[in-house]
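Here the structure comes first, spelled out in structure tokens, and everything after it is commentary.
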Ligand SMILES: Nc1ncnc2c1ncn2[C@@H]1O[C@H](COP(=O)(O)OP(=O)(O)O)[C@@H](O)[C@H]1O
Ligand SMILES: [Mg+2]
């Protein structure tokens, strides 16, 4: 088990800077998810760790070894590719055994390791098949099996679930989480799907445009997004953003006037500057006859366990609220809404997030 | 480009070795071919260029620079001029026929039936025969008195046909042989193009009450226009280099009426053993070929219709 | 589908009918020479129409086995063609892989220079090539017949394009599996390129078997002739020849292997020829 240390990594493709001065540390045995929109550099970063792509500048250490000059095979990492990259003409068993054969492991040990991996991944019956004869989910497991047999110090996954259907994706998510517990190896998992990130990660690294936006535990990222980008990228339905008209300090937090309505927040006003935006997640916006906000319901989405209300304020701004599953609200209704002050965020002119003081919010 | 910067960076940061993207031993992949390419294609090309400015005696192994004399002699050579004209004539006889006939056959045989498959096999079959066999067959066909053609014409009372011995007809006779030999290629290229046309277009045309002619002119031909152009250029390049059929059927005769440019190079180089002079003629041929190949490259890289 | 029930238009029927007639015309010379090859030559001298009547005989083919050099020429052709095919495929696979996958400096420039070779016609270098082999005193050897045919860039072009189309991830997975460069080539990528190798092999075989100009120039001694050159030498006096049946038996004998190959591998042959033409 090894940690990973990235120091001041830069990566340029010609004139295009894909990764800019990125530093990151991953603890031994940790499950880290790189989360970000397509094209933000997740794959590039992963490939640099794997040794498939040279760094333009910076240092990479795995365990206590500097590795940025080592070829991929010598870094002690295994990678599961988005499209699996199985060897099409080799059987499942040969696919899994290839890496061990190449480092001169004896036949008996190779066979034993293949059996072990096949047992864990329920591939025993498929060992003689070719990848072309497997379903998407089975191929996916073979790709993971190919990684497991090498007992690597670090597992790298590049969007491994994106080619699976929704049901299988949910199941495989759980399987990978289980695998992590069982093997205890360091794992880095790349995805653009925030649900995957939230459900699997011990630590999420949110990326955008080749930079790290925020590093933190899933709930930390969810509750205290450090930038407006993170706030908007994590959470479904997405966080509401409302332009703030007037703002004054009252008690612990800012009191805001917004489209004629008065909204209380628990966000301290001390560091706020520039054009401010109020951020509030839909689940913190509730129907309340005594609520201070009046809104007209545009669209009602019934999800079963809850109901999502798309509403419009008097000044035209959109506000998404949540109600119980059995909500009586209907299209066209005018409702009163209330915002939970402890779950509000204010983003300043630079997009930096400001949150209620920790002691209050973490109850 | 990027290589420069990476080596430069590698020098300054010598302490930290970089991830290598290639190693010297890996050049062994390309080395064997590059060696052959240089020795048997690039070097002869250069050598031919130099030889074209020399008087060359192959047997004595002597060479002497004579400047542009070979070229001067070449351009004033009646037979060479005739060869250029004959070559162009041959291209004009064959290429339009290849395109039109190839397209016609492809249109007729573009269907999933056993007889269409059989006929496709038949039309392409002559393609795999060597030029010697083809000419053997067709010399027998054209044979005066005994040939198949004469046999056939006897039915109509036409006597004493000797096409290959007739300066007015020999080149056309060779053109017919060439088309018999090579029609398979344009046919398969057109078939491939026809199969790329989505069937919905035809259904839409049918709904629009288009007649077969309108469908052909307004849908089929425009859809495969790129292939028409490509086939034309491919055939121009191929027919410009006509040699085997001519050498075997008439050897350039009668009365130089079928002598082509390649045939001229061959005769000059390996019958008269005037290697320098032959090289000069080869350079002219080469320039024409390069232009045609450039045209082909340009057309085949163009994704858009013309 | 619907067209089954709808009558085909007149114009199309005319088109199909003319192509069928054309096909018959295409076949007639072939059938005719096969007929000739089974006729006694003297009988043909007396009456060319004898070909349409019995008796037919195998004597021309029997003569072929005994009197002609066809066996030697066939052997020479096989040696040259098989060697050339094997070498072209091997060398093109190596080079194609190199150009597709190895990031050596200047790679793209070198590759473009190689591709430009596609435009060089054999005829443009034939005189200097002859001189080179003359200087090396290598004419009338198998090396001379084989070597120049290995320099054409088509195989490299084909294999490079094919290797480039194979997903890079498969090789990257192999790199992570600690495979050496050659092992990746040999065990991972090459097996995936078998269809392209088949196309190239068939094209090279066909091209080499039918090559005429270079063997004509280089092989001047009858015992070094290939089939094409040998047949060319025997047909020079066809006009005076009394042995028309015998000559046609030679043509049939020499053409048959290619036709059989074609019938069996038609799909590959067509793909190879068409692919080489388009490039
Ligand atoms: N080999 C390459 N050459 C040039 N640009 C590249 C290359 N690989 C990736 N990029 C660019 O770098 C950026 C990050 O790509 P990538 O790491 O694949 O993003 P992600 O995996 O987050 O979707 C993209 O803009 C992409 O176009
Ligand atoms: Mg990616």
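Protein chains in written order, with this note's numbering: chain A, 0 to 362; chain B, 248 to 553; chain C, 1495 to 1773.
We put the CB at the ideal spot given by N, CA and C, even for glycine.
Item checked: Near-chain C residues of the stretch 366-380 of chain B - C-beta to any C-beta below 8 angstroms -> 366, 368, 369, 370, 371, 372, 373, 374, 375, 376, 377, 378, 379, 380
Next item on the list: Only counting runs of 3 or more residues, tell me where the beta strand (DSSP E) segments fall wholly within the stretch 289-329 of chain A, in order along the chain.
Entry: 292-301, 305-312, 317-323
Notebook entry, point to check: Given that residue 77 of chain A touches chain C, what residues does it touch there, using C-beta distances under 9 angstroms?
Noted result: 1670, 1671
Next item on the list: With a 10 Å radius around its C-beta and 16 neighbouring C-beta atoms as the bar for buried, classify residue 1515 of chain C as buried or exposed.
Entry: exposed
Next item on the list: From the DSSP output, in three-state form, read off residue 9 of chain A for me.
Entry: strand
Note to self: Mapping the DSSP letters down to three states, classify residue 19 of chain A as helix, strand or coil.
What the structure shows: strand
Check: Among C:1606, C:1636, C:1665, which residue has its Cα nearest to the Cα of residue 284 of chain B?
Finding: C:1606
Notebook entry, point to check: In angstroms, rounded to a whole number, what distance separates the CA positions of residue 309 of chain A and residue 239 of chain A?
Noted result: 10 angstroms
Checklist line | When B:536, B:542, B:336, B:471 are compared against residue 443 of chain B, the one with the closest alpha-carbon | finding: B:471
Item checked: Endpoints, alpha helix (DSSP H) assigned at residue 78 of chain A -> Segment 76-79 is the beta strand (DSSP E) holding residue 78 of chain A; no alpha helix (DSSP H) there.
Notebook entry, point to check: Along the stretch 39-55 of chain A, what residues have a CB closer than 9 angstroms to any CB found in chain C?
Noted result: 46, 49, 50, 51
Check: Which ranges does the alpha helix (DSSP H) cover as unbroken runs of at least 4 residues, wholly within the stretch 178-223 of chain A, from first to last along the chain?
Finding: 193-199, 217-222
Next item on the list: Give the straight-line distance between the Cα atoms of residue 1509 of chain C and residue 447 of chain B, rounded to the nearest whole angstrom.
Entry: 23 angstroms
Checklist line | Beta-carbon proximity check, residue 232 of chain B vs residue 507 of chain B, cutoff 8 angstroms | finding: Residue 232 of chain B lies beyond the residue range present for chain B, which begins at 248 and ends at 553; the question has no answer from this structure.
Next item on the list: Could you tell me whether the stretch 337-345 of chain A touches the stretch 302-317 of chain A, using the rule of 3 or more Cβ pairs below 8 angstroms?
Entry: no
Notebook entry, point to check: For residue 1714 of chain C, which three-state DSSP category applies?
Noted result: coil
Check: Can you give the Cα-Cα distance for residue 1497 of chain C and residue 466 of chain B, rounded to whole angstroms?
Finding: Per-residue confidence for residue 1497 of chain C stands at a pLDDT of 44, beneath the threshold of 50, marking its modelled position as unreliable; the derived number appears in the next sentence. In a straight line, the C-alpha of residue 1497 of chain C is about 18 angstroms away from that of residue 466 of chain B.
Check: When a residue counts only if its C-beta is closer than 7 angstroms to some heavy atom of ligand 2, which residues count, in chain order?
Finding: A:37, A:41, A:42, A:81, A:157, A:158, A:189
Item checked: Three-state secondary structure (DSSP) of residue 1534 of chain C -> coil
Notebook entry, point to check: Terminal residues of the continuous beta strand (DSSP E) containing residue 286 of chain A?
Noted result: 284-286
Item checked: CA nearest to the CA of residue 350 of chain A, picked from A:294, A:338, A:212, A:357 -> A:212
Item checked: Rounded straight-line distance, which links the Cα of residue 304 of chain B to that of residue 1635 of chain C -> 23 angstroms
Checklist line | Cβ-based neighbour list, residue 260 of chain B, same chain, cut-off 8 angstroms, excluding 5 preceding and 5 following | finding: Note that residue 260 of chain B has pLDDT 43, beneath the 50 cutoff, so the model's placement of it is unreliable and the number below is only indicative. Closer than 8 angstroms at Cβ, skipping near neighbours: no residue.
Check: Does DSSP classify residue 56 of chain A as helix, strand or coil?
Finding: strand
Check: Is there a Cβ from chain A that is less than 8 angstroms from the Cβ of residue 270 of chain B?
Finding: no
Next item on the list: Mind listing the chain C neighbours of residue 88 of chain A? Cutoff is C-beta to C-beta under 7 angstroms, in chain order.
Entry: 1685, 1686
Margin query: Determine, for residue 1661 of chain C, whether the minimum Cβ-Cβ distance to residues of chain A falls below 8 angstroms.
Written below: yes
Next item on the list: Count the other CB atoms, across all protein chains shown, that sit within 10 Å of the CB of residue 415 of chain B; report buried if there are 16 or more and exposed otherwise.
Entry: exposed
Checklist line | Closest by C-alpha distance to residue 419 of chain B, when choosing among B:339, B:394, B:390, B:491 | finding: B:339
Next item on the list: Consider the C-beta atom of residue 35 of chain A and the heavy atoms of ligand 1; say whether any pair is separated by less than 7 angstroms.
Entry: yes
Item checked: residue 1597 of chain C at chain B interface by Cβ criterion, 8 angstroms -> yes
Note to self: Just list the residues that DSSP pairs residue 157 of chain A with in beta bridges.
What the structure shows: A:189
Next item on the list: Say yes only if the C-beta of residue 1657 of chain C is nearer than 7 angstroms to one or more non-hydrogen atoms of ligand 1, and no if none qualify.
Entry: no
Notebook entry, point to check: Which bits of chain A does residue 1667 of chain C rub up against, with CB to CB less than 8 angstroms?
Noted result: 78, 80, 84, 85, 86, 145
Check: If you measure from the CB of residue 1594 of chain C, is any heavy atom of ligand 1 nearer than 7 angstroms?
Finding: no
Notebook entry, point to check: Using DSSP with H/G/I as helix, E/B as strand and the rest coil, what is residue 407 of chain B?
Noted result: coil
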